[in-house]
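Protein chains in written order, with the numbering used here: chain L, 13 to 131; chain U, 1209 to 1557; chain Z, -18 to 233.
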């Protein structure tokens, strides 16, 4: 895949996101969050977020519309993953720095070597 | 909070926090950009665009390192909680500093070329097969995208909409992003330096963050006990809980319960704040309400509801006394369910 | 027991008394810390060297040679570029001038543009159109001395000639690698910076063994310290390293 294709995909992602943001922020948000009703100034702040994670927004929107939200999950913090990630990072972070130091080159000072005389 | 959303909720402490932040960043950039060339006194100075890219890039890395230190520092010592209070503004400012760094790089290293700038970022260096000369820019791109994602989803609306759990999952991307940014500087800026200070800076940053997280983890592992799910669980002796404070119980299914003492009576609510899942059990009772140590969200101990006009609710749990022992029913009640506090002197299940 | 507890901070209330001095110390430490790290990282940057654009516009007459990369053997110099020197040519930004002089190989041309220099490495960034490169092929072109200097093994760094000559300071090193590659793919001549001078010069224009351009094979090796072998020729005043790309290897 070429870089140009990747950039085009990213562009379309954001365009779809912008459409979702327009729909969600003009009427969807009022349906699923009572704190948003009658409050408009904060909405432009949400536009970039919706543009980036619009699939997640659409999914959460339909969950809330159908009132299928699991209240238990709201109060179950993701602390196991936190521990797992940091256990890994405690190894990975020092390794990355050491790798960077290990491959570091010092400016060469070797003299040019003549392998063959001039013709 | 559950009054109408506004763009940014500022208060005196947040103003102080933001002013200190902006001053710190300002001083860093002022010294680096204005005084750097004077103090260096090179025959011909580093090109300003490159000099500025270095200033903003190193500043963003320093900021991110500090942000990652706040969490474990606050767990190790609650005195650091005020630094956590407005951490989101710290993150958003970091994004702006990082974006400025990227702006200088794009408009200089990737400008003036027949290849379009963004395409150039992806195609100029394709040495993916080697460590030395690896296109370290890709690590930077990942870090930047994550910072952007976190900044644009930092409004409280997102916490409520996505649920704190999903929001936190999203925001935990910051950890791999930091690893990527360490790689970004270790394979980029670190390679071009003859003075040891850049290496020392990177070592201390990555090492400090690592050590703090390890220490906080060890402290937490020692202080918590997990209990298996029986009908009723023994929490502790009633006298083991200090007035106004809580004892946290971790259930086998991963839930944490905060058992609070208010005078002579005891109540249990979920340990996870409805706002950002902050640890309520590490908070205290202020004005009759459990107060979250992170952002000060409050809940009545008896029913897990925030006082008017707020509408946050957390699950509650039923308690009973068995002699002097506090017993907990591990089945959570739906958020906001009233319970009857148990009092010393009262008896039985 | 309560007295031993940390004072409790609630964000929307004023900070508790017991915490104020701690917070004040934190604020001052934070400001000092940022100032200190800024000062430390700013003042330990390596010297980027004395390369740069020379003031004023240079107009030169000389013999154009296109391979491996466009260069001019100056027959009528200016106050800054003396007659008899050989200068590399580039276009504006990260562009070469291969297409502009392709029909004028070996002919006398008049060029005009901005000069860049780093030591004895000189480059002219041509102005656009006829003003930058004008055909003077009715003037008879003098012969240009080409001297074979034998086959060598060199250590050093492959850079793009333009940033190296002072379009950027520093125009070397890994942080600059992507820029160097963009310059090279745009047609800017690659230059080998030798660890020690070879026959009097530490900067050598790079071509392949047949004297043709060598851009693609170099891209994985730019901005690293490498070792490479090849014949060296002196063309006019410029050394050309006719590198065998299979001998290039990064130094440990």
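For glycine and all other residues, C-beta sits at the position ideal for the given N, C-alpha and C.
- Message: Taking beta-carbon pairs under 7 Å, can you tell me which members of the region 153 to 184 of chain Z lie near chain L?
- Response: 175, 176, 177, 179
- With distances taken from CA atoms, which of Z:207, Z:13, Z:53, Z:224 is nearest residue 93 of chain Z? Z:53
- Contact under 8 Å by Cβ, residue 1469 of chain U with residue 1450 of chain U: Contact: yes.
- Indicate whether residue 1535 of chain U and residue 1405 of chain U have their beta-carbon atoms separated by less than 8 Å. no
- Item | Residue-level contact to chain Z via CB, residue 126 of chain L, 8 Å cutoff | yes
- Cutoff 7 Å; reference residue 1356 of chain U; Cβ partners in own chain excluding five residues on either side: Result list for residue 1356 of chain U: 1303, in chain order.
- Item | Cβ pair residue 150 of chain Z, residue 1254 of chain U closer than 8 Å | yes
- Task: Examine chain Z for any beta-carbon lying closer than 8 Å to the beta-carbon of residue 1421 of chain U, and answer yes or no.
- Result: no
- Can you list the alpha helix (DSSP H) stretches of 4 or more residues lying completely in the region 161 to 217 of chain Z, in chain order? 196 to 199
- Within 10 angstroms of the Cβ of residue 71 of chain L, are there 16 or more other Cβ atoms? Answer buried if so, exposed if not. exposed
- Query: From the beta carbon of residue 12 of chain L, is the nearest beta carbon of chain Z less than 8 Å away?
  - Reply: The question about residue 12 of chain L has no answer here: the residues shown for chain L are numbered 13 through 131.
- Item | Inter-residue spacing [alpha-carbon to alpha-carbon] between residue 1237 of chain U and residue 1257 of chain U | Near 13 Å, if we compare the C-alpha coordinates of residue 1257 of chain U and residue 1237 of chain U.
- Message: What does the alpha-carbon distance come out to for the pair residue 1380 of chain U and residue 1446 of chain U?
- Response: 37 Å
- Selection from U:1530, U:1528, U:1414, U:1476 that minimises the alpha carbon distance to residue 1507 of chain U: Residue U:1476 is the option with its Cα nearest to residue 1507 of chain U.
- Message: Judging by CA-CA distance, which residue of L:130, L:36, L:44, L:53 is the nearest neighbour of residue 79 of chain L?
- Response: L:44
- Query: Thinking C-alpha only, which one of Z:201, Z:38, Z:164, Z:111 is nearest residue 74 of chain Z?
  - Reply: Z:164
- Query: Three or more C-beta pairs closer than 8 Å, one from the region 199 to 209 of chain Z and one from the region 28 to 38 of chain Z: is that the case here?
  - Reply: no
- Message: On the DSSP bridge list, what partners appear for residue 104 of chain Z?
- Response: Z:69, Z:97
- Drop a sphere of 10 angstroms on the beta-carbon of residue -7 of chain Z, count the other beta-carbons inside from all chains shown, and report buried for 16 or more, exposed for fewer. exposed
- Item | Whole-angstrom distance between residue 1364 of chain U and residue 82 of chain L, CA atom to CA atom | 19 Å
- Query: Hey, how far is the Cα of residue 80 of chain Z from the Cα of residue 118 of chain Z?
  - Reply: 17 Å
- Where does residue 1318 of chain U land, buried or exposed, given buried means 16+ other C-beta within 10 angstroms? buried
- If you draw a straight line from the alpha carbon of residue 1251 of chain U to that of residue 29 of chain Z, how long is it in whole angstroms? 9 Å
- Might you give, ordered along the chain, the residues of its own chain that have their beta carbon closer than 7 Å to the beta carbon of residue 85 of chain Z, omitting 5 neighbours on each side? Excluding sequence positions up to five before and after residue 85 of chain Z, its CB lies within less than 7 Å of the CB of 45, 116, 118, all in the same chain and listed in chain order.
- With 8 Å set as the bound, which would you pick, yes or no: does the beta-carbon of residue -16 of chain Z sit closer than that to a beta-carbon of chain L? Bear in mind that a pLDDT of 47 at residue -16 of chain Z, under 50, signals an unreliable position, so the number given afterwards is only what the model happens to contain. Judged by the 8 Å Cβ criterion, residue -16 of chain Z is not in contact with chain L.
- Message: Just verifying my parser: in three-state terms, what is the DSSP assignment at residue 24 of chain Z?
- Response: Secondary structure of residue 24 of chain Z (DSSP, three-state): helix.
- Item | Residues near residue 1213 of chain U by beta carbon distance below 8 Å, same chain, minus five either side | 1363, 1364, 1365
- Item | Within-8 Å CB hit, residue 135 of chain Z to chain L | yes
- Closer than 8 Å to chain L by CB, residue 1456 of chain U: no
- For the region 76 to 98 of chain L, enumerate the residues whose C-beta is nearer than 9 Å to any C-beta of chain Z, in chain order. When CB distances to chain Z are screened at a threshold of 9 Å, not a single residue of the region 76 to 98 of chain L falls below it.
- Might you give, ordered along the chain, the residues of its own chain that have their beta carbon closer than 8 Å to the beta carbon of residue 1375 of chain U, omitting 5 neighbours on each side? 1361, 1366, 1367, 1484
- Whether residue -12 of chain Z touches residue 5 of chain Z by CB criterion (8 Å): no
- Task: Please say whether residue 1464 of chain U and residue 1454 of chain U have beta carbons closer to each other than 8 Å?
- Result: no
- Message: Is residue 1289 of chain U close to chain Z? Criterion is C-beta to C-beta, closer than 8 Å.
- Response: yes
- Cβ separation of residue -10 of chain Z and residue 1290 of chain U, assumed to be a contact under 8 Å, to the nearest whole Å: 5 Å
- Mind pulling the chain L residues with CB within less than 9 Å of residue 131 of chain Z? By Cβ distance, chain L contributes 126, 127, 128, 129, 130, 131.
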